[in-house]
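Colleague: Numbered according to my numbering, the sequence shown spans residues 20 to 749. Even glycine gets a Cβ: it sits at the ideal position worked out from N, Cα and C. On a predicted model such as this, the values are computed, not experimentally measured, just so you know.
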Amino acid sequence: MRAAFVSLCVLVASAAAQEPASPARPRIGLVLSGGGARGAAHIGVLQVLEELHVPVDCIAGTSMGAIVGGLYAYGLSPARIEQVMTRQGMDRDWPHLLRDGEAFADWPLRRKEEAHTYLTRARLGFRDMSVRLPKGMVQGQNLETELRFLVVEAHDLHSFDDLPIPYRCTGVDVHTGDLVVLDRGNLAEAMRASMSLPGVFAPAVVAGHELIDGGIANNVPIDLARAMGADVLIVVDIGTPIDTEKAMASFVDVTRQMVAILTQQNVDRSLAQLRPDDLLIRPDLGDITSADFERAADAIAIGRTAGRAVAARLQRWALPPDEYARRRAAQQRTPRPPPVVREVALADESSLAAGILTDRLRVVAGEPLAETALRDGIERVYALDDFQRVRFAVTDWRDGAADVGVATELKGWGPSFLQFGLSLSSDFDNTAYQLAANMVLREVDPWGAEWRNVIEVGERMTLLSEFYQPIDGGPLFVAPRGALRRETVDLFVDGERVTERDLRAGQLGIDAGLELGMPGELRVGYQRTTGETEVGLSSVPATDTEFDDGFVRALLRIDTLDAPYFPEHGWAGVAEYRIGTEGLGADSDYDSVTAKAALAMTFGRWSITPVVEWDATLSGVRPTIAEATLGGFMRLTGLPKDSLRGQNAALAAVQVRTLLGSGIVPLYAGGSAELGNVWQDRGDKFHDLIASGSIFLAADVALGPLYLGLGMADGEAVTGFLFLGSTIVQ
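#1: Quick one: which unbroken alpha helix (DSSP H) runs of 4-plus residues sit fully inside the region 109–150? Chain order, please.
#2: Who are the Cβ neighbours of Leu725 in its own chain at under 7 angstroms, not counting the five residues just before and after it?
#3: To the nearest whole angstrom, what separates the beta carbons of Ile300 and Ala318, a pair I think is in contact under 8 angstroms?
#4: Near Ser41, what residues of its chain come up, given a Cβ to Cβ distance below 8 angstroms and the 5 sequence neighbours on each side ignored?
#5: Indicate whether the contact test is met: 3 or more Cβ pairs, each with one atom in the region 500–510 and one in the region 484–492, closer than 8 angstroms.
#6: Measure from the alpha carbon of Gly680 to the alpha carbon of each residue in Leu429, Val720 and Gly550, then state which is nearest.
#7: Could you tell me the alpha carbon to alpha carbon distance between Leu757 and Gly88, rounded to whole angstroms?
#8: Can you give the Cα-Cα distance for Asp733 and Phe622, rounded to whole angstroms?
#9: Just mark Asn237 as buried or exposed, buried being the case when its beta carbon has 16 or more other beta carbons within 10 Å.
#10: So if DSSP puts Ser626 in a beta bridge, which residue, or which two residues, is it bridged to?
#11: Please tell me whether Ala226 and Lys154 are closer than 8 angstroms, where the distance is taken between their beta carbons.
#12: When DSSP builds the beta bridges, which residues end up paired with Glu229?
#13: Along the beta strand (DSSP E) that carries Glu475, what are the first and last residues, could you check?
#14: Quick one: is His759 buried, meaning 16 or more other Cβ sit within 10 Å of its Cβ, or exposed?
#15: Classify Ser41 as helix, strand or coil using the three-state DSSP reduction.
#16: Going by alpha carbons, who is nearest to Glu428 out of Leu441, Tyr401, Asp707 and Ala451?
#17: Which residue or residues does DSSP assign as beta-bridge partners of Asn205?
#18: In this structure, does DSSP put Met480 in helix, strand or coil?
#19: Just the C-alpha distance for Ala244 and Leu49, rounded to the nearest angstrom, thanks.
#20: According to DSSP, is Glu386 part of a helix, a strand, or is it coil?
#21: My parser needs the beta strand (DSSP E) runs of 3 or more residues fully inside the region 574–601; what are they?
#22: Would you kindly check if the distance between the Cβ of Ile235 and the Cβ of Val191 is under 8 angstroms?
#23: Spatial neighbours of Val359 within its chain, please: C-beta separation below 8 angstroms, excluding the five flanking residues on both sides.
#24: Would you kindly work out how many angstroms separate the C-alpha atoms of Arg576 and Ala647, rounded to a whole number?
#25: Going by alpha carbons, who is nearest to Met148 out of Gly544, Val75, Glu595 and Ser435?
#26: Could you pull out every residue in the same chain whose Cβ sits closer than 8 angstroms to the Cβ of Ala320, ignoring the five residues on either side in sequence?
#27: How close, in whole Å, do the beta carbons of Leu663 and Val697 come, if the pair is a contact with beta carbons under 8 angstroms?
#28: Does DSSP put Ala328 in a helix, in a strand, or in coil?
#29: Figure out for me which residue from Asp606, Gly602, Phe585 and Asp634 has the closest Cα to the Cα of Met620.
#30: Rounded to whole angstroms, how far is the Cβ of Ala56 from the Cβ of Ala223, which I believe are closer than 8 angstroms?
#31: Kindly give me the distance between the Cβ atoms of Ala209 and Leu201, rounded to whole angstroms, as I take these residues to be in contact under 8 angstroms.
#32: Quick one: what does DSSP say Ala412 is sitting in, helix, strand or coil?
#33: Distance check for Ile683 and Glu519, CA to CA, integer angstroms please.
#34: Starting from Val640, trace the beta strand (DSSP E) in both directions and tell me its first and last residue.
#35: Give the secondary structure of Ala732 by DSSP, where H, G and I count as helix, E and B as strand, and everything else as coil.
#36: Specify the secondary structure class of Phe740 as computed by DSSP and reduced to three states.
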């Protein structure tokens, strides 16, 4: 008996020793929903999980949840992700990330000229003899480039299970409507694809699929986390609720509401899959919208509040501090030194010569890869304006070296484009307008030539064609051009029109030039003009005339302004020196100089733009077509447009404005003061100066900058005016 009892005790003790001291820890899955800028709240929840030592074993995300979750799975800390989202201490802000390419100040000069002249922002693509539109307002170039640098060590993963935290995100195939689970390849591409909101971001191409925002089909991807083996889920839903009260005022409101309804329906289906042990967190984000990226810090704080509100439920999954610290140390990524470039591979869809792109990239095999140099190279390639995206990948990273691949994706709606413009000047007695269409054919040859063709109708009728030919793809170029021009030229006396003349001219010319980086160019060239003026209505004696002009010129243009119409910083200038001689085809010898400059400054809420203009005939007499003119808004406001005409002119003006509202249509209030005149004799210059000024309201509308105001010149009666056009140097 005694022996049997001892044996029984040994068996019981042995069995007890084989049982675990506590139940096995469940595998915790984190599910982060989409919601645009509201997704910053996810970061606050991550911060609370770290405060409470709650581990995360796998992550599934959609849209902004895919980005926050992907960065965390890659190994970035919540503090670093907060810096990324708030842009604190970072070189590129959200306005930069949410546009394509560089700011206006860094556009190529030819694109700046078009923006000043053809005021509508939209450029229609022209390809295969048809007009096309882009697939999104934003192609995602800057955002995707930023993501690629943030996760530079995860561009060629066999599986996203290889990340410190296993990860999945979703997209929707725009052709089939099928949900696509992104679980391998380039992490940056996957994150970018998952947030391709239809109409806003163009679809992303991943593994042959053209993908839009995964939130359209699965905004809260609970099933993905389950498929990754999660036993329990922490689900954070930050989606925008359906607005049941706001009136649907436009198609934009209707479209936004439709997307919200479709998204909420799939969210409801997903949340129905939650189990009793799962935890749902819904931060109360109030009036923060999906576009309020500047309120990221507020959203993060709200996320922290929501996480701490459920701290008691989260603590059941907490690990001991030492164990959690070891686990997080293994998950957080320590950046490696930049690799030496083993090989540079260029996959180019364009017909440009390969040397043009490699010269702009300036990434050299055998040298360490520098982020700044690669960024600058990509921006230089994108600035060619042929591509909707320029992507890079750092792959096969081993033994301190890696391959660098750069791929270009041609604009699906280009690269040639059609742009329209409208200018309007009215004092409500006299109205002048100009309609213009500008078609630019791109990639005419492998060296980047483009052929610009312009048609203008209105007070001036113009047909213009210029062929811009870079030499060997470099900064040197030649540009032959031709134009036909017809316009009404009026002669005013004491502000009253006394003669109306019809001017017709034909022009041929050629320039050779040098691009001065992005902001400018220098040209020298020759132009030959022949024409005639025919008198129409006239209250004074006048006769028909014929004229010829032939001159050589030097032309310098610089433009560093940060916006085409309402700049806050930078300057722009143009200076031209002409020498006309009978030997070159002019009626008589002359030489002239024209110089214009504008400076933009901002002090607090006020922007100040001084403008100066000097137009002088140094010797001889210029033909009518080349005379100096003044009159109209910001060029002696209160006088009829171009009502002063002569051989010499001088103008000094300053515009002061303040931003009243920065909604869909930015609204400004301001005024101007101007001083100047036109003289026939250069010796009379600066005598009898005319003072003028204005007060106005202005709006940055789709057609361009629109001004409505009152103006007065030389103490005469106040006149109203309506002006649509650029007041900046052109």
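Modeller: The relevant details are as follows:
#1: Counting only runs of 4 or more, we get 113–116 and 128–136.
#2: For Leu725, same chain residues with a beta-carbon under 7 angstroms away, outside a window of 5 residues either side, are Ala717, Ala718 and Leu743 in chain order.
#3: Contact between Ile300 and Ala318 is ruled out by a C-beta separation of about 13 angstroms, above the 8 angstroms threshold.
#4: At Ser41 the pLDDT is 38, less than 50, meaning the model places this residue with poor confidence; the figure from the coordinates comes in the next sentence. Answer for Ser41: no residue qualifies.
#5: When Cβ pairs closer than 8 angstroms are counted between the two stretches, the region 500–510 is seen to touch the region 484–492, the count reaching three or more.
#6: Residue Val720 is the option with its Cα nearest to Gly680.
#7: Absent from the structure is residue 757, since the part of the chain shown begins at 20 and ends at 749.
#8: If you take the alpha carbons of Asp733 and Phe622, they lie about 30 angstroms apart.
#9: With 16 or more other Cβ atoms within 10 Å, it is buried.
#10: Paired residues: Thr621 and Arg676.
#11: Ala226 places its beta carbon 8 angstroms or farther from that of Lys154.
#12: The partner list for Glu229 (beta bridge, DSSP) reads Val224.
#13: Per DSSP, Glu475 belongs to the beta strand (DSSP E) from Glu469 to Gly477.
#14: Past the boundaries of the shown model lies residue 759; the chain is included only from 20 to 749, so the question cannot be answered.
#15: Bear in mind that the predicted position of Ser41 carries a pLDDT of just 38, short of 50, making it too unreliable to give a figure here.
#16: Each of Leu441, Tyr401, Asp707 and Ala451 was checked against the Cα of Glu428, and the nearest Cα belongs to Tyr401.
#17: Answer is none; Asn205 lacks a bridge partner.
#18: The three-state reading of DSSP puts Met480 in strand, counting E and B together.
#19: Here the alpha carbons of Leu49 and Ala244 stand approximately 7 angstroms from one another.
#20: Residue state for Glu386 is assigned as coil, using DSSP reduced to three classes.
#21: Listed in chain order, they are 589–599.
#22: Less than 8 angstroms separates the beta-carbon of Val191 from that of Ile235.
#23: Here the set comprises Gly385, Glu386, Pro387, Leu388, Gly419, Ala420 and Ala421.
#24: Answer to the nearest angstrom: the Cα atoms are 19 angstroms apart.
#25: Closest by alpha carbon: Ser435.
#26: The answer, listed in chain order, is Gly63.
#27: Contact between Leu663 and Val697 holds, since their C-beta atoms are separated by about 4 angstroms, short of 8 angstroms.
#28: Under the three-state reduction of DSSP, Ala328 is assigned to helix.
#29: Of all alpha-carbon atoms in Asp606, Gly602, Phe585 and Asp634, the one lying nearest the alpha-carbon of Met620 is that of Phe585.
#30: Contact check for Ala56 and Ala223: beta-carbon distance about 19 angstroms, past the 8 angstroms limit, so the pair fails to qualify.
#31: Taking 8 angstroms as the upper bound for CB-CB distance, Ala209 and Leu201 are in contact here, some 4 angstroms apart.
#32: Strand at Ala412.
#33: In this structure, the alpha-carbon of Glu519 lies about 42 angstroms from that of Ile683.
#34: First-last for Val640: undefined, no H or E at that position.
#35: Here Ala732 sits in strand by DSSP.
#36: Judged by DSSP in its simplified three-state form, Phe740 adopts strand.
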